[in-house]
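A.B. asks: Chain order of the listed sequences is V and F.
The first sequence maps to residues -7 to 395 in my numbering.
The second sequence maps to residues 1445 to 1640 in my numbering.
Quick reminder that beta carbons are idealized off the backbone N, C-alpha and C, glycines included.
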Amino acid sequence: MSTTHLTAGFLPLLDSVLLVLAREKGFAEAEGLDLTLVRETSWANIRDRAALGHFDVAQMLAPMPLAASLNLTPLATEMIAPVVCGLGNNAITVSTELWTAMADHGAPQDLAAGPSGAALARVVASSQRKLRFGVVHQTSSHNYELRYWLAASGIRPDRDIEIVVLPPSLLPDALGGGGLDGYCVGEPWNSIGVASKGAHMVTTKAAIWQSSPDKVIGMRASWAEQNPELVASIIRASYRTGQWCADPANLVETAQIMAGAAYLDASPEIVARALSGQFDIGAGEIQHVPDFFIAHASAANFPWKSHALWYYSQMVRWGEVAYRASDAAIAAACFRPDLYRAALAPLGANVPILDSKTDGTHATTYEIAGTAGPLVMGADRFFDGQSFDPAALERYITDQTPN
Amino acid sequence: MPNPDLSILIIDENHLRASIIEDGLREAGHGRVAVMHDVNDVARTITNMSPDVIVIDLENPKRDTLEHFFSLSRAVQRPIVMFVDRSDGTMIDKAVAAGVSAYVVDGLKKERIKPILDVAISRFHAFATLTRELAQARSELEDRKIIDQAKAILIKTRGLSEADAYTLLRSTAMNQNRRMVDIAQSLVTAADLLGP
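What follows is the structure, given as structure tokens:
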């Protein structure tokens, strides 16, 4: 088999694991890909270098291909996402001072999103100053899930609380230095805040919205059209990597590889926390969050069009775009379940037969139809009990606050 | 004198590189050039000087912070990343390849920006070359030291002249198809292990 050189950009976050292990464990090579990984310092660089073609593909925040295709970002280029890099992986972490105040107002130790949000709302109501939270990028899942959690807890983002943007690696220092009161970020940066800055985790992405997507492997639509075989190879390599990564027997090795200086450059013990779901959430308090990061189960790598639409609904909610049915169609078209399904057909992999699903309607695991039989899916509740039906997108958007 | 009226802000955590770019722009006739090393103060600086062009190094992890600040800014003249119309793709490509990005106040004509970006790109390249040459000079100096140590060992233990010691190292390297410094390093390490 001939080998094709491929350059991929990534940020030091645990969910770069699909790209990293595809290279380190030979899954890319088995597909004829000579994969070069380039660690970047900002999402802006990922966006620009992907748009310019310096990167063939890149780990991207799930809403990034949408923003690029909707012409909301500089160097706007149509982007697609045929693979999701797993579900979950984020948490919300606060400073020692804010945790003390939240605990005084009844915050729980179990990371439950509702009671934690209610405690924060009481702190915000009695606080002398406006609290400041950090997220990693404006068009990020972090920004939208933090805002979702705040709004559903009775806190109005921007008015009651300030939200600023900082890259993941700088968040723990900013929190420790008093520049931030809290942040929403992917692992290992919550655990690093806990270990090095006395921070406290208060809730997780998995608690706010169960089994929800965070990063994707994104690429220019024009490049994907010109290189359909490469795209299929990337999908197959990612799928096999996900399978390998999801096997508990490979957890220690995965943590060791990811901890390497070229990747997360952190201690393997810290990196392993998100993989095992066993967290020190602050001051030695241990919590088990089994669905914190889902690398492969629950069709975790499948790009649901409905998930793209949910992100679009949040872009509208926070005033980044006005709702237009044609824009919603562009957003949905960025996620490409068709490419995913076609690439995996030769493997006989079991892949969802539908392109969209409802979310917030399953409190426990359930089954959907797959190409090779029933597929078990994880619970998908939003913590405030809302549900999202992509067929009723417009009503969902109208009913959101603020609108 | 090109665009003497445009004000330019350089954001670079590398002090040396920032001053090399600043000099380049001043030499090209730009009088209104400011430099800052930390994005944290960016809000105040931008409000005070309202730059027409902002030049930033791509290694700077706070590009996302800067862009978020722009998006919140209520100023009418909001800076945008380079040339959004992409009509000059090669220019953007050259800049990013050199490791530099620029934000330009919306509506500013491309032909007024191009000379500024040209200076920034050439100065970024000049700095990269300088850094590379410095690293090379350092490593050559290190190599020289190791070879001198190895020669000294050969002179002392085998009673060779300096010229013969050098010839022996060189011929061994050639026979083994290795670099002379690697042979010298092996000899120095072995001598250390065997001790005085």
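Under the assumption that V/Arg31 contacts V/Pro4 (Cβ atoms under 8 Å), give the Cβ distance between them as a whole number of angstroms.
C.D. replies: 6 Å
A.B. asks: Please classify F/Asp1529: is it buried, with 16 or more other beta-carbons within 10 angstroms of its beta-carbon, or exposed?
C.D. replies: Low confidence applies to F/Asp1529: its pLDDT is 49, below 50, so where it sits in the model is not reliable enough to give any reading.
A.B. asks: From V/Gln306, V/His299, V/Met307, pick the residue whose C-alpha is nearest to that of V/Pro329; which is it?
C.D. replies: V/His299
A.B. asks: Chain V beta carbons: is any one of them nearer than 9 Å to that of F/Leu1502?
C.D. replies: yes
A.B. asks: How long is the line joining the alpha carbons of F/Met1445 and F/Phe1514, rounded to whole angstroms?
C.D. replies: Annotation note: pLDDT 47 at F/Met1445 (below 50); position unreliable, no value reported.
A.B. asks: Put F/Ser1451 into one of helix, strand or coil per three-state DSSP.
C.D. replies: In the three-state reduction of the DSSP assignment, F/Ser1451 falls in the coil class.
A.B. asks: Residues of chain F with a CB under 7 Å from the CB of V/Asn37: which are they?
C.D. replies: Leu1502, Arg1507
A.B. asks: Taking its Cβ as the centre, do 16 or more other Cβ atoms sit within 10 Å of V/Pro366, making it buried, or is it exposed?
C.D. replies: Classification of V/Pro366: exposed, given that the 10 Å Cβ count is below 16.
A.B. asks: Once the 5 residues before and after F/Ala1594 are set aside, which same chain residues still bring their CB inside 7 Å of it?
C.D. replies: Leu1613, Ala1628, Leu1631, Val1632
A.B. asks: Based on DSSP bridge pairs, tell me the residues matched to V/Pro180.
C.D. replies: Looking at the DSSP assignment, V/Pro180 forms no beta bridge with any residue, so it has no partner.
A.B. asks: Pull up the CB-CB distance for V/Val127 and V/Ile155, whole angstroms please, since I reckon it's below 8 Å.
C.D. replies: 6 Å
A.B. asks: At 8 Å on the CB atoms, spell out the chain V contacts of F/Asp1636, in chain order.
C.D. replies: Residues of chain V whose Cβ lies closer than 8 Å to the Cβ of F/Asp1636 do not exist; the shortest such Cβ separation is about 28 Å.
A.B. asks: For V/Phe19, report the span of its alpha helix (DSSP H) as first-last.
C.D. replies: Annotation: the continuous alpha helix (DSSP H) that includes V/Phe19 extends over 19 to 22.
A.B. asks: Near V/Ser8, which residues of its chain fall below 6 Å by C-beta distance, leaving aside the five closest residues on each side in sequence?
C.D. replies: Counting only residues of its own chain and dropping the five nearest sequence neighbours on each side, V/Ser8 has a CB closer than 6 Å to the CB of Phe2, Gln51.
A.B. asks: By Cβ distance, which residues of its chain are closer than 6 Å to V/Arg309, with the 5 residues on each side in sequence left out?
C.D. replies: Within its own chain, the residues whose Cβ lies closer than 6 Å to the Cβ of V/Arg309, once the five positions on either side in sequence are excluded, are Gln392, listed in chain order.
A.B. asks: Quick one: what does DSSP say V/Asp347 is sitting in, helix, strand or coil?
C.D. replies: If DSSP states are grouped into helix, strand and coil, V/Asp347 belongs with coil.
A.B. asks: So, under 8 Å CB-CB, V/Ala54 and V/Lys207 are touching, yes? Tell me the CB distance rounded to an integer number of Å.
C.D. replies: Contact holds; Cβ gap of about 6 Å.
A.B. asks: Using a C-beta to C-beta distance shorter than 7 Å, which residues of chain V count as neighbours of F/Asp1537?
C.D. replies: When 7 Å is used as the limit between beta carbons, F/Asp1537 is near these residues of chain V: Leu44, in chain order.
A.B. asks: Give, in chain order, every residue of the segment 198 to 228 of chain V whose Cβ lies closer than 7 Å to some Cβ of chain F.
C.D. replies: none
A.B. asks: For F/Val1540, go through chain V and note every residue whose CB falls closer than 8 Å to its CB, in chain order.
C.D. replies: Asp40, Arg41, Leu44, His46
A.B. asks: Residues of the segment 155 to 168 of chain V in Cβ contact with chain F at a cutoff of 8 Å, in chain order, please.
C.D. replies: Val156, Val157, Leu158, Pro159, Ser161, Leu162
A.B. asks: Roughly how many angstroms lie between the CA atoms of V/Glu245 and V/Leu64, to the nearest whole one?
C.D. replies: 40 Å
A.B. asks: For chain F, find out if any of its Cβ atoms is closer than 9 Å to the Cβ of V/Ala0; answer yes or no.
C.D. replies: no
A.B. asks: Between V/Val308 and chain F, is there a C-beta pair that is closer than 9 Å?
C.D. replies: no
A.B. asks: Assign V/Gly340 to one of three DSSP states: helix, strand, or coil.
C.D. replies: coil
A.B. asks: For F/Lys1595, which beta-bridge partners are listed by DSSP?
C.D. replies: Its beta-bridge partners do not exist; DSSP assigns none.
A.B. asks: Any idea what DSSP makes of V/Tyr315, helix, strand or coil?
C.D. replies: coil
A.B. asks: How big is the Cα-Cα spacing for V/Ala93 and V/Ser188?
C.D. replies: 20 Å
A.B. asks: Rounded to the nearest angstrom, what separates F/Leu1458 and F/Pro1505 at their Cα positions?
C.D. replies: The question names Leu, but residue 1458 of chain F in the sequence shown is Asn. Note on geometry: alpha-carbon atoms of F/Asn1458 and F/Pro1505 lie some 13 Å from one another.
A.B. asks: Give a yes or no on whether the C-beta atoms belonging to V/Thr357 and V/Asp381 are separated by under 9 Å.
C.D. replies: no
A.B. asks: V/Leu103: buried (16+ other C-beta within 10 angstroms of its C-beta) or exposed?
C.D. replies: buried
A.B. asks: Could you pull out every residue in the same chain whose Cβ sits closer than 6 Å to the Cβ of V/Trp35, ignoring the five residues on either side in sequence?
C.D. replies: His129
A.B. asks: Residues of chain V with a CB under 7 Å from the CB of F/Glu1511: which are they?
C.D. replies: Ala36
A.B. asks: Indicate whether at least one CB of chain F lies closer than 9 Å to the CB of V/His129.
C.D. replies: With its beta carbon less than 9 Å from one in chain F, V/His129 belongs to the interface.
A.B. asks: In three-state terms, what does DSSP make of V/Trp201?
C.D. replies: strand
A.B. asks: Per the DSSP calculation, F/Ala1546 is bridged to which residue(s)?
C.D. replies: F/Val1499
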